[in-house]
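The numbering of the sequence shown is the numbering used here, which starts it at 2 and goes up by one.
Heads up: the structure comes next, in structure tokens.
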Amino acid sequence: MNPACGDRRGTRTGYARHRRANQSACAACKEAEARYKTPTPRPVPECGTEAMFGRHRRRGERCATCRKAVTELDKVRKKNRRANAAPRPAEPIIHVPRNVFARLYLNASIADQLHAEQHIPENRIQRCVAEHNLAA
Ligand SMILES: [Zn+2]
Ligand SMILES: [Zn+2]
């Protein structure tokens, strides 16, 4: 008897051809079908990897090796993110609420007001001052 799998011997296609021809599959095709139906289980990850850390966590296990590895990995990622981030401004920045800024600005010397205007668009300053005047 001519095996129906033909040139697809040892594949799922071959197995299907056997079925369509109503003949029992040859060993190679049976094996291909069995391999598909029960895939080889994924190997258990090793300790010291992120995958194993996740597995520990899902199982409620504690593992210092994996914890340390993931911490290190986080550090490296954070460092890379920081390295790729936009450069920080040359001078440190303090954020203050607009009403606080308005009071500081209005009580500042003319020189300091001009300094502030070099860093902040005038329309923004005017808006803060206007809000402050409304609230007063
Ligand atoms: Zn076959
Ligand atoms: Zn572990």
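Using N, Cα and C, we set each Cβ at its ideal position, and we do this for glycine too.
May I ask you to report which of helix, strand or coil DSSP gives residue i?
i, result
"Q114", "helix"
"G49", "coil"
"I126", "helix"
"V97", "coil"
"G61", "coil"
"G15", "helix"
"Q119", "helix"
"E73", "helix"
"T66", "helix"
"A33", "helix"
"E92", "coil"
"R20", "helix"
"A109", "coil"
"N134", "helix"
"R43", "coil"
Between the Cα of residue i and the Cα atoms of the options, which residue gives the shortest distance?
i, options, result
"R78", "R56, E51, V101, H57", "E51"
"R10", "G61, C30, A17", "C30"
"P93", "R125, H120, N134", "H120"
"A150", "E47, P42, R21, Y16", "As shown, the chain starts at 2 and ends at 137. That puts residue 150 outside it, with no answer to give."
"G49", "R43, Y37, L74, P42", "L74"
"K38", "R60, P98, R13", "R13"
Using the Cβ count rule (16 or more neighbours within 10 Å means buried), how would you classify residue i?
i, result
"H19", "buried"
"V71", "buried"
"A5", "buried"
"A26", "buried"
"I126", "buried"
"A103", "buried"
If you measure from the beta carbon of residue i to each beta carbon in chain D, is any gap under 7 angstroms?
i, result
"C129", "Checking the listed chains, one finds no chain D in this structure; it contains a single protein chain."
Legend entry - Residues whose Cβ lies closer than 6 angstroms to any heavy atom of ligand 1, in chain order: Taken from the N-terminal end onward, the list reads P4, C6, R10, G15, H19, A26, C27, A29, C30.
ask   = Which residues are close to ligand 2, meaning CB closer than 6 angstroms to any heavy atom, in chain order?
value = Checking every Cβ against the heavy atoms of ligand 2 under 6 angstroms gives C48, M53, H57, C64, T66, C67.
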